[in-house]
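> Structure incoming, see below.
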Amino acid sequence: MLIRRHPALLTALAILALFTLAVTLMSEAYGSGALATSTVKLLGKTLCLALAALAMDLVWGYAGILSLGHMAFFALGGYMIGQWLMYARTAEIVGRTLAAAPIPPTPAELRDGIAGQIFGVVGSADLPWSWSLAGSLPAQLVLVLAVPGLLALGFGWLAFRSRVNGVYLSILTQATTLALALWLFQNDAGFRGNNGLSGLQNIPGQAHVPQSVIAVRFLWGSAFALACGFLLATWITGGKFGSVIRAIRDDETRVRFLGYPVETFKLAVFTLSAMICAVAGALYYPQAGIINPAQMMPIASIYLAVWVAIGGRGRIYGAVIGAIAVSLLSSWFTGGRAPDLRLGGYTVHWVDWWQVLLGLGFVAVTLFAPRGLSSIWDAAAGLRHPARRGADLGPDAGALQEREAEA
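The opening residue of the sequence shown carries number 141 in my numbering; numbering runs sequentially from there.
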């Protein structure tokens, strides 16, 4: 049984369940009202970012592939579900307006009205081909996985087949993400350019449901998705597949020499992590209410890598801890909650200094806690890394050593 072989998984799931229950009981919709709806939404979005960090840890911490474009998949998941949210909500509004006319509207008139409402802001009255399935929720849910998955599959097949590795692969993912973001900024790309998709918090058919209730329901969905991510990631990394991708991370040449299809393993984990990121984005943006191409720029993916590094890469819970800690601290410092600090004649406004603090924190963790914040969890659980002292028992200095063998 998965939980029996990985007892830490049960602990993580229990903490997540208790957290979700506590927030629900303190929410305005189902509890005491101690937590505002905006706070509930913030916590729900934080769980989505934790799921994206988990996906990043799979591809970087376990497989050694530093992707600086993974937030593109996150944003694409948001765009796919955002199309349905915006189309269906606009259809309700246009339908009610046209229903008051003496002659009932035809399907073509309804479609033209929807297109005008959505794309009038960019000077267009036509519905692009990319919105052909926007009226179908099942189709858009499939696209949430299919579009980022196929993009990752195509990019990975070309890159891994060409043996692109290391910093060159990182630069290539960053350049591809930038090109995609710049394309989406164009008005004729079919996604409303810089305006993006807005009003996503208004769920079609749920106009009578207050935002406080919707916020809690999305919190539940985000927590469930993160729990599923924990289970899937633990299952993958705890078996033979996980052993192989860790071996690829440590010594790709040797794994290839042993006869394993290295490119296939790398492509599989890269595509899977992209799809997990897309699910996280599909849950995040209805809580955020808006998505635009600026949120797909490479800096967002760099932040994602920083979260994983701060939390501790190569540990599923480490990536989650890092994402949650940095996300909540970022909201506290940049949301005006942190009091200004007066130093003589100079006042420190934390909104302006947050990125400096994040950079200093990243440097500090790298220097003094290379295994990230997850090392605190390890210390609390009594986990210690083997003392690598004594004569080598293998062909190189990274092999098993005497002290480990005796243990």
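Glycine included, C-beta positions come from ideal geometry on N, C-alpha and C.
Consult DSSP for THR487 and reduce its assignment to one of helix, strand or coil.
THR487 falls in the strand class under three-state DSSP.
> For SER338, which of helix, strand or coil comes out of DSSP?
Of the three classes helix, strand and coil, the one that applies to SER338 here is strand, per DSSP.
> Quick one: what's LEU481 bridged to in DSSP?
For LEU481, which the question treats as bridged, DSSP gives the partners VAL488.
> Can you give the Cα-Cα distance for PRO535 and LEU513, rounded to whole angstroms?
Per-residue confidence for PRO535 stands at a pLDDT of 49, beneath the threshold of 50, marking its modelled position as unreliable; no derived number is given.
> Measuring straight from C-alpha to C-alpha, what distance separates ALA231 and PRO288?
Using only the alpha carbons, I get a separation of about 26 Å.
> For GLY476, count neighbouring Cβ atoms within 10 angstroms of its own Cβ and tell me buried if that reaches 16, exposed if not.
By the 10 Å Cβ count, GLY476 comes out exposed.
> Which residues in the same chain have their Cβ closer than 8 Å to the Cβ of LEU507, if we skip the five residues on either side of it in sequence?
No residues qualify anywhere along the chain.
> Who are the Cβ neighbours of GLY256 in its own chain at under 6 Å, not counting the five residues just before and after it?
So the list reads ALA265, once near-sequence residues are dropped.
> Consult DSSP for ILE221 and reduce its assignment to one of helix, strand or coil.
If DSSP states are grouped into helix, strand and coil, ILE221 belongs with the helices.
> Between which two residues does the alpha helix (DSSP H) harbouring LEU149 extend?
Its alpha helix (DSSP H) spans residues 147-165.
> From the DSSP output, in three-state form, read off ILE205 for me.
Note: ILE205 maps to coil in three-state DSSP.
> The ligand SAH and SER515: does any heavy atom of the ligand fall closer than 7 Å to the residue's C-beta?
This structure lacks the ligand SAH, and indeed carries no ligand of any kind.
> Is it the case that the region 206-224 contacts the region 396-403, given that we only count it when at least three CB pairs across the two stretches are under 8 Å?
With a cut-off of 8 Å, the region 206-224 and the region 396-403 do not count as touching, because too few Cβ pairs lie within range.
> Return no unless some Cβ of chain B is closer than 8 Å to the Cβ of VAL505.
In summary, chain B is missing from the structure at hand, where a single protein chain is found.
> When the Cα of SER467 is compared with those of ALA192, GLU168 and VAL163, which residue comes out closest?
Closest option to SER467, Cα to Cα, is ALA192.
> Is the region 149-168 in contact with the region 359-368, if contact means three or more CB pairs nearer than 8 Å?
Output reads yes: the region 359-368 touches the region 149-168.
> Per DSSP, what kind of secondary structure is ILE243 in: helix, strand or coil?
Three-state DSSP puts ILE243 in coil, outside helix and strand.
> Please specify which runs of the beta strand (DSSP E), each continuous and at least 3 residues long, are wholly inside the region 285-355, giving them in chain order.
None, since the region 285-355 contains no complete beta strand (DSSP E) of that length.
> Quick check: the Cα distance between GLU546 and VAL402, rounded to an integer number of angstroms?
Any reading at GLU546 must be qualified, since the residue scores a pLDDT of 48, below 50, and its modelled position is unreliable; the value itself is stated next. Their backbone Cα atoms lie some 33 Å apart in a straight line.
> Suppose contacts are defined by Cβ-Cβ distances below 8 Å. Is LEU153 in contact with ALA373 by that definition?
In this structure, ALA373 does not lie closer than 8 Å to LEU153 by Cβ.
> May I have the straight-line CA-CA distance separating THR246 from GLY235, to the nearest angstrom?
Taking the straight line from one Cα to the other gives about 10 Å.
> In angstroms, rounded to a whole number, what distance separates the CA positions of THR316 and ALA195?
If I take the Cα positions, the gap works out to 19 Å.
> Looking at the unbroken alpha helix (DSSP H) that takes in ARG389, where does it start and where does it end?
Note, ARG389: alpha helix (DSSP H), 380-390.
> How long is the line joining the alpha carbons of LEU483 and PHE473, rounded to whole angstroms?
When rounded, the distance between both Cα atoms is 18 Å.
> Would you mind stating whether ARG511 and GLY462 have Cβ atoms separated by less than 8 Å?
No, these two residues do not count as a Cβ contact at 8 Å.
> Could you spell out where the alpha helix (DSSP H) holding VAL460 opens and where it closes?
Run containing VAL460: 456-474, per the alpha helix (DSSP H) assignment.
> Let me check understanding here. Comparing Cα to Cα, which of GLN435, LEU189, ASN334 and ILE456 lies closest to VAL419?
Answer by Cα proximity: LEU189.
> Over the uninterrupted alpha helix (DSSP H) stretch that includes MET196, give me the two end residues.
First-last of the alpha helix (DSSP H) with MET196: 177-196.
> With C-beta atoms as the reference, is ALA212 less than 8 Å away from LEU309?
Not in contact: ALA212 and LEU309 (Cβ atoms no closer than 8 Å).
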